[in-house]
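Engineer:
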Amino acid sequence: MLLKIQETANYILSKVTSKPLTGIILGTGLGNLVTQITDKIEIPYETIPNFPVSTVEGHSGKLIFGKLGDVEVLAMQGRFHYYEGYDMKQVTFPVRVMYALGIRTLLVSNASGGVHPDFEIGDLMIITDHINLFPEHPLRGKNISELGTRFPDMSEAYSKELILKAKQIAAKNNIKVVEGVYVGTTGPTFETPAEYRYFRNIGADAVGMSTVPEVIVANHAGMRCFGISIITDLGVPGKIVEVSHEEVQIIGNSVQPLMTLIMKELIQ
Numbered sequence: 016m017l018l019k020i021q022e023t024a025n026y027i028l029s030k031v032t033s034k035p036l037t038g039i040i041l042g043t044g045l046g047n048l049v050t051q052i053t054d055k056i057e058i059p060y061e062t063i064p065n066f067p068v069s070t071v072e073g074h075s076g077k078l079i080f081g082k083l084g085d086v087e088v089l090a091m092q093g094r095f096h097y098y099e100g101y102d103m104k105q106v107t108f109p110v111r112v113m114y115a116l117g118i119r120t121l122l123v124s125n126a127s128g129g130v131h132p133d134f135e136i137g138d139l140m141i142i143t144d145h146i147n148l149f150p151e152h153p154l155r156g157k158n159i160s161e162l163g164t165r166f167p168d169m170s171e172a173y174s175k176e177l178i179l180k181a182k183q184i185a186a187k188n189n190i191k192v193v194e195g196v197y198v199g200t201t202g203p204t205f206e207t208p209a210e211y212r213y214f215r216n217i218g219a220d221a222v223g224m225s226t227v228p229e230v231i232v233a234n235h236a237g238m239r240c241f242g243i244s245i246i247t248d249l250g251v252p253g254k255i256v257e258v259s260h261e262e263v264q265i266i267g268n269s270v271q272p273l274m275t276l277i278m279k280e281l282i283q
């Protein structure tokens, strides 16, 4: 794996001159944050050695180097999911490459279903912790010490410092944010009412099909992480309605300017 990571990193480095310290992974319906990035260099996933290719509608599939404000960043416009058929090593491979490129802080976003009874569609949820319900752990198998320790600590998977700063930014800009625990599941089906109740009972506030594997691998490498979810549907008794991927994208697109503002100021 080390050779593949380095091969991929070397190819990317041959295409760019910047060396950002901050990486961003953008989920379903959230890719327009890249419109705020200036001095862009775009690299399609399909041209990158060893990289998977996103197959999900709403995920463009490009690495984008540039500046957000006056800070150099690397953004993934589109991510990879376990439900697409990739194993966890493939799902998290871009995070390994990001670290090899010098990324030390990772910001992740996603669209998720709210299971907290006080949440509403369109809420922005700052992720304070997660529950991993994926059947395959991204660190399963032989540990490569150059990538991280065998038993990484996850007591602060999401940086408390970045969470506090994001809350201050939201308050300053009169943006409503909520906080909560994100539970990661395989998908691709949306959840049944019984599953929503189960997730709430085990301590979750929102549920989605991504983020957790990436954050685990980022923590394994020693990166700081910040996560934010757009609540695009509700799994709360009495509020559950039929949901589609298209509707999730529409809600994500409508709220993402607020998320973009928080992310942009946080990166500064």
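16 is the number of the first residue of the sequence shown in the numbering used here; add one for each residue after it.
C-beta atoms are modelled at their ideal positions from N, C-alpha and C, and glycine is treated no differently.
Here's a check: name, in chain order, each residue in its chain whose Cβ is nearer than 8 Å to the Cβ of TYR97, leaving out the five neighbours to either side.
Structural biologist: Excluding residues within five positions, the ones whose Cβ falls inside 8 Å are MET103, VAL106, PHE149, GLU151, THR201, GLY202, MET224, PRO228.
Engineer: Could you tell me the distance, in whole angstroms, from the CA atom of GLU61 to the CA atom of VAL68?
Structural biologist: The alpha-carbon atoms of GLU61 and VAL68 are separated by roughly 6 Å.
Engineer: Quick one: measure Cβ to Cβ for GLY156 and TYR197, integer angstroms, because I've assumed they're closer than 8 Å.
Structural biologist: Not a contact, Cβ separation roughly 25 Å.
Engineer: What are the partner residues of ARG239, as DSSP defines its beta bridges?
Structural biologist: According to DSSP, which records beta bridges pairwise, ARG239 is partnered with THR120.
Engineer: Between the Cα of ASP85 and the Cα atoms of ASN65, ILE52, LEU162, which residue gives the shortest distance?
Structural biologist: Nearest of ASN65, ILE52, LEU162 to ASP85, Cα basis: ILE52.
Engineer: Contact check, VAL287 vs VAL222 under 8 Å by CB: the rounded distance?
Structural biologist: In the structure displayed, the chain extends from 16 to 283; residue 287 sits before or after that span and is not available.
Engineer: What does DSSP give as the partner residue(s) for TYR197 in the beta ladder?
Structural biologist: Answer is HIS145, ALA221, bridged to TYR197.
Engineer: Assuming contact is defined by CB atoms lying nearer than 7 Å, are PHE95 and LEU89 in contact in what I supplied?
Structural biologist: In this structure, LEU89 does not lie closer than 7 Å to PHE95 by Cβ.
Engineer: Less than 7 Å between the beta carbons of ILE246 and ASP144, yes or no?
Structural biologist: It is not a contact, given that the beta carbons lie outside the stated cut-off.
Engineer: So, is HIS74 buried or exposed, given that buried needs 16 or more other C-beta atoms within 10 angstroms?
Structural biologist: Because HIS74 carries a pLDDT of 49, less than 50, the predicted location of this residue cannot be relied on, and the following value inherits that uncertainty. So HIS74 ends up on the buried side.
Engineer: Do ASN56 and VAL31 have their C-beta atoms closer together than 7 Å?
Structural biologist: Residue 56 is actually Ile in this sequence, not Asn. Yes, they are a contact pair.
Engineer: By DSSP's criteria, GLU57 is part of a beta bridge. Which residues make up the other side?
Structural biologist: Answer is ILE79, bridged to GLU57.
Engineer: According to the Cβ coordinates, are ASN125 and THR204 closer than 7 Å?
Structural biologist: No, the Cβ-Cβ distance between ASN125 and THR204 is not below 7 Å.
Engineer: Nearest to GLU135 by alpha carbon, out of ASP248, ILE184, GLU280?
Structural biologist: The shortest Cα separation from GLU135 among ASP248, ILE184, GLU280 belongs to ASP248.
Engineer: When you compare only the Cα positions, how much space is there between LEU162 and PRO35?
Structural biologist: So the alpha carbons of these two residues sit roughly 19 Å apart.
Engineer: When you compare only the Cα positions, how much space is there between ARG119 and GLU210?
Structural biologist: Going from the Cα of ARG119 to the Cα of GLU210 covers about 35 Å.
Engineer: Put GLN283 into one of helix, strand or coil per three-state DSSP.
Structural biologist: Of the three classes helix, strand and coil, the one that applies to GLN283 here is coil, per DSSP.
Engineer: Can you tell which of SER244, ASN234, SER174, ARG165 has its C-alpha closest to the C-alpha of VAL192?
Structural biologist: Looking at the Cα atoms, SER244 is the closest of the given residues.
Engineer: So LEU89 is in the beta strand (DSSP E); what residue range does that whole segment cover?
Structural biologist: Counting along the chain, the beta strand (DSSP E) containing LEU89 begins and ends at 86 to 92.
Engineer: Does DSSP classify THR164 as helix, strand or coil?
Structural biologist: Residue state, collapsed to three classes: coil.
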